[in-house]
Every structure is written in structure tokens, then in C-alpha cells.
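Inspection log for the structure reproduced underneath, given as C-alpha cells.
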Amino acid sequence: QVTLEESGPVLVKPTETLTLTCTISGFSPNFARMGVTWIRQPPGKALEWLAHIFSNDEKSYNTSLKTRLSISKDTSKRQVVLSLTNVDPVDTATYYCAQTLSLNAAAFDTWGQGTMVTVSA
Amino acid sequence: QSLLTQPPSMSAAPGQNITISCSGSRSNIGINHVSWYQQLPKTAPKLLIFDNNKRPSGIPDRFSGSKSGPSATLGITGLQSGDEAAYYCATWDSSLSVGPVFGGGTKLTVL
Chain A
1 QVTLEESGPV LVKPTETLTL TCTISGFSPN FARMGVTWIR QPPGKALEWL
51 AHIFSNDEKS YNTSLKTRLS ISKDTSKRQV VLSLTNVDPV DTATYYCAQT
101 LSLNAAAFDT WGQGTMVTVS A
Chain B
1 QSLLTQPPSM SAAPGQNITI SCSGSRSNIG INHVSWYQQL PKTAPKLLIF
51 DNNKRPSGIP DRFSGSKSGP SATLGITGLQ SGDEAAYYCA TWDSSLSVGP
101 VFGGGTKLTV L
């Protein structure tokens, strides 16, 4: 059973860079072959896909946020890191990481519990 | 404004059967598989349906999915109080977004 856990700051100031970490644990012999996605949800609003990192380290980004996003992974630590630059209050949201069953089908089968991030001065 | 349109809310009594619609276009649902998620209050979303109509292990067969052209439907039979949640459809969009997109969500109330 794979588990994912997000961690990062609770509060970030406008224009700063938000860095979030997704730590993957549990039985997962093929971590190196896992695809991991980041998704966010502003309070009371819908889900928004942000970025995905493939097993071969290839990356895919939400086109509207592409210039501000960066995703990477550290296989030895079993972590996937998401960075979002120049944050604004509209970036206030719960951020989730999820294991990807199929990116083309938007199928994410295991999710972390999410981490709430507030952007405010 | 989401590329996938869902009714914002629905309500039904326990035991009833319901369907939740998700309307897209030829560039998303029309050519790609659809997934459905259930989000109970204050919890992370859970995958209910993938590849239009497949259920992950542990999801009861009260939940079903179907797709026709640019639209998809989630069906729930024998509604239970524990089904009160928000439901989201999702798929890949090949035009504007070029990536996974989610519907706006449907808040289901079990009366």
C-alpha cells in the first residue's frame, strides 16, 4: 500500500516562491517507475491539475502556469518536489500530490491528504 | 470556467438512483477516457471510475460510469447517506489546456 504525504509552508508572502514536497512511502518497489502529479483546490472551488513527472523524469505542466511551475524528483529520498514562483493570493489552496494511474485519462489513484497553503502579506 | 460542465448541485433521497452528467467537447471527452472522483467533506478526492467505466479495487458496483460522444455520466444506485459528497469528472484536454482537466464539481446532498 503506497502512501503519499505533502509537506511545506502553511503561509507564504506574495511574490515569494512556494516549495512543496511529496514523500512517498509504503510498499512500492517500482518508485522509480511511478508517475506523480500535483493538483490544487482553492477553498470551495474545483480541482486544478498543476504538473506531472513521469518515471523517465519527463515533465508536463499546466499551460497557464507553466512559466511559474517546476517539478522534480529525488528517487533516493522517494520525494517529488513542486515549486511555484511569484505566488499571489489566488494561489491560496490545498495542494495535493497523487500517484498517476493514467495521465491521459486523468486517473490518479492514490492521493495524499493535502496541505493547505495561504498566500498573504 | 471549466471545460467540463457539471450541474453544481443535486439532491436525492436514500435508496434512490441518480446520474451526474459531465459535458465536454470533441477535444476532451470526445476523444479521451474519463475518470470520476468522490470528495467527502474535508478529505482528499478518491478515484471512483477510470477509463470511462472501470472501478478501482474496493469501489462498490453501486457506482458506474459511461460515456457517449462528448459527454459522460456517473451513476449511483441505492443512495446512502455516506454518498453525500462532491463528485468531479476529469479527462485529458487536447486543445486549450493540453493536459488533465476537471469539471466544476457536483455537490450531492442525500436528503
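Protein sequences appear in the order of chains A and B.
Heads up, the first sequence is in the numbering used here, so the first residue is 1 and it goes up one at a time.
Heads up, the second sequence is in the numbering used here, so the first residue is 1 and it goes up one at a time.
Built from N, CA and C at the ideal position, the CB exists for glycine as well.
Asked: Does the beta carbon of L4 of chain A fall short of 7 Å from some heavy atom of the ligand FMN?; Found: The ligand content of the structure shown is nil, which means the ligand FMN is not present either.
Asked: My output table needs one value for D83 of chain B: the three-state DSSP class, helix, strand or coil.; Found: helix
Asked: Count the other C-beta atoms from every protein chain shown that fall within 10 angstroms of the C-beta of V36 of chain A, then say buried if there are 16 or more, exposed otherwise.; Found: buried
Asked: Can you find the residues in the same chain that come closer than 6 Å, C-beta to C-beta, to S11 of chain B, ignoring five residues on each side of it along the sequence?; Found: T109 and L111
Asked: Using only the alpha-carbon positions, how far apart do Y87 of chain B and N56 of chain A sit?; Found: 32 Å
Asked: Take P100 of chain B and list the residues in its own chain whose beta-carbon comes closer than 8 Å to its own, dropping the five residues that flank it on each side.; Found: A90, T91, W92 and D93
Asked: Kindly indicate the opening and closing residues of the beta strand (DSSP E) around Q41 of chain A.; Found: V36 to Q41
Asked: If you run the structure through DSSP and keep just helix, strand and coil, what is D91 of chain A?; Found: helix
Asked: Against chain A, with Cβ distances strictly below 8 Å, would A90 of chain B count as a contact?; Found: yes
Asked: Tell me the DSSP bridge mates of K59 of chain A?; Found: A:I53
Asked: Can you tell which of A:T23, A:T63 and A:K59 has its C-alpha closest to the C-alpha of W111 of chain A?; Found: A:T23
Asked: Could you list which residues in chain B have their beta carbon closer than 9 Å to that of A105 of chain A, in chain order?; Found: N32, H33, V34, S35, F50, D51, N52, A90, T91, W92 and P100
Asked: Please work out which residues of its chain come closer than 7 Å, Cβ to Cβ, to E16 of chain A, disregarding the five sequence neighbours upstream and downstream, and give them in chain order.; Found: V87
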